[in-house]
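Read the structure below first, then the notes.
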């Protein structure tokens, strides 16, 4: 990957709203070239999605998040793929990851209340044939999300003029 | 006025807008927790000098003996003062390439020498030419003070361009003080350390520091590299004036050299993007702007507006609350220019450019 493509990806990763014109000034390409390059990156699925990190708590929408660790039985021919597919189709499930260590799979689940998440786990996840153990951890507070510090405490005031 | 105004945008400040990377701060905190609060060797911590030596061997192919050719100082400002004082006798002339950093000429005067300016211009991309250098040399010339990448112009000189300068230096048997604190901020070419040129190691005092590359301005952490006899003279002044650099800052510097590369690259990439943004912006609004190859300063010409640098900067601050530095403070060659630091956020740069455009259209 060339330098400019990498630059474009970095800029978009930090700010998905950056326009072609803005990016063009930063990477020394024309807006048309930037548009074309981004289109290629989307087509190649290197750019998977444009995402916004939202502080729902601040917005007054109290979602409940939980991390669910699962021990599962491996399926013949499919390995973990089959169970992963079953899991990622639930809209409540925000992420599915295969882990090393004590548990096999970790899910991030979002719901409107602890009760709703608990019922979802008890009724939909724990009852799956391949799942033989679950551990549910409710998220109490998110300090950092996707590389973004949610409550940035640092505010350093610089002198306006110096050498 | 400047410090109280909330709506003000500053392109005046010559320091990175990043906070020192966390791993460096963390190393300092750990060091304090361990109770490392003593003096160090006058030369600086052995481990730090070893790291500096290793870095120069790796990156520039230059070996400096950590025991007698490397001195850790409190900022490049101290290193500059030591270097000038160590080699200047009363009445000696030190050549300064203008536009130049504001402290160079005073440092020479404090040491009893006479600063001799050599002007560079935008047509020459603010590079020193061997012809101009030759014209400034007299029998009293002791040294030349170089600063590439340059503050305030952002000019850089590559190996091919520095070689004729080295020839003149050799021919006239003078020394070089090379302030290379912006070394890591070169965007289109690789930095050439002046001491790495043929025959120059024994004539050059290299000054470098951590402020810019690692965003460590407040640590006051820098070093000088020089042949042992010169360094010994600098050391004599250092040990009676500063004694040693603060140990906590030295610990931070070791961490920076050992594990700071990734952060430096990230910051330099971002400066490069901002450089393109600001240079393009100035040219778009009709202020002819030289494309700087290094540091984090843009140096647009305001001559076309009919205002002097000072008038432009003052009125811009007054009417649009944008801080810039008038070019004339960096010497006569800076007349008609503004220094604008792009170590500010992209949003601030864009807003400042909008305001400058607005200001120009109302002159």
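Residue numbers (UniProt numbering), protein chains in the order written: chain A, 1 to 163; chain B, 1 to 363. By construction, the Cβ of each residue, glycine as well, lies at the ideal position given by its N, Cα and C atoms.
- In the three-state DSSP reduction, residue 235 (chain B) falls in the helix class (H, G or I).
- Counting only runs of 4+ residues, no alpha helix (DSSP H) is found wholly inside the region 49–74 of chain B.
- Residue 41 (chain B) does not reach chain A, its nearest Cβ partner there being about 28 angstroms away, counting only Cβ pairs nearer than 7 angstroms.
- Residue pairing from DSSP places residue 79 (chain A) in a beta bridge opposite A:75.
- Distances from the alpha-carbon of residue 4 (chain A) to those of A:54, A:29, A:83, A:152 put A:29 closest.
- At a Cβ-Cβ threshold of 9 angstroms, residue 238 (chain B) and residue 73 (chain B) count as neighbours.
- When the alpha-carbon of residue 62 (chain A) is set against those of A:112, A:160, A:137, A:13, the nearest one is in A:112.
- Under a criterion of Cβ atoms nearer than 8 angstroms, the residues of chain A adjacent to residue 8 (chain B) are, in order, 160.
- When DSSP states are grouped into helix, strand and coil, residue 275 (chain B) belongs to the helix group.
- Residue-level contact by beta carbon holds for residue 11 (chain A) and chain B, with a gap shorter than 9 angstroms.
- Put simply, of A:139, A:2, A:38 the residue whose alpha carbon is nearest the alpha carbon of residue 46 (chain A) is A:38.
- With respect to residue 342 (chain B), residue 271 (chain B) sits close: the two C-beta atoms are nearer than 9 angstroms.
- Chain order gives the chain B residues near residue 25 (chain A) as 276, 277, 280, 281, where near means a beta carbon separation below 8 angstroms.
- Counting of Cβ neighbours within 10 angstroms places residue 29 (chain B) among the exposed residues, the total staying below 16.
- Residue 53 (chain A) and residue 148 (chain A) do touch by the CB rule: their CB atoms are close to 5 angstroms apart, below 8 angstroms.
- Residue 185 (chain B) is positioned such that its CB atom lies no closer than 9 angstroms to that of residue 194 (chain B).
- The region 250–270 of chain B and the region 116–128 of chain B do not touch, with fewer than three beta-carbon pairs separated by less than 8 angstroms.
- Cβ contact annotation for residue 215 (chain B) (same chain, cutoff 6 angstroms, sequence separation greater than five): 16, 18, 20, in chain order.
- For residue 93 (chain B), the enclosing beta strand (DSSP E) starts and ends at 93–98.
- Note on geometry: alpha-carbon atoms of residue 212 (chain B) and residue 182 (chain B) lie some 6 angstroms from one another.
- A straight line joining the alpha-carbon of residue 156 (chain B) with that of residue 126 (chain B) spans about 8 angstroms.
- Here the region 53–67 of chain B does not lie against the region 279–289 of chain B, with fewer than 3 beta-carbon pairs under 8 angstroms apart.
- Of the candidates B:160, B:251, B:83, B:251 places its Cα closest to the Cα of residue 39 (chain B).
- DSSP, read as helix, strand or coil, puts residue 291 (chain B) in coil.
- The C-beta distance from residue 92 (chain B) to residue 135 (chain B) rounds to 18 angstroms, too long to fall under 8 angstroms, and the pair is not in contact.
- Beyond the five residues adjoining it in sequence on each side, residue 33 (chain A) comes within less than 8 angstroms, by CB distance, of 24 in the same chain, given in chain order.
- Under the criterion of beta carbons closer than 8 angstroms, residue 151 (chain B) and residue 104 (chain B) do not qualify as touching, at roughly 10 angstroms.
- Collapsing the DSSP output to three states places residue 326 (chain B) in a strand.
- For residue 310 (chain B), there are no C-beta contacts with chain A under 8 angstroms, since the nearest C-beta of that chain is about 14 angstroms from it.
- Straight across, the Cα-Cα distance linking residue 230 (chain B) with residue 289 (chain B) is about 40 angstroms.
- Under the 8 angstroms Cβ criterion, the region 32–51 of chain B does not count as touching the region 162–170 of chain B, having fewer than three qualifying pairs.
- Residues of chain A with a Cβ closer than 7 angstroms to the Cβ of residue 75 (chain B) do not exist; the shortest Cβ-Cβ separation is about 10 angstroms.
- Contact annotation: in the region 8–24 of chain B, residues whose CB is within less than 8 angstroms of a CB in chain A are 8, 10, 12, 13, 14, 15, 17, 19.
- Minimum Cα-Cα distance from residue 243 (chain B) among the listed residues B:202, B:324, B:71, B:352 corresponds to B:71.
- Listed in chain order, the positions of the region 258–270 of chain B with a beta carbon within less than 8 angstroms of a beta carbon of chain A are 269.
- Residue range 247–259 is occupied by the alpha helix (DSSP H) that includes residue 252 (chain B), with no beta strand (DSSP E) assigned at that position.
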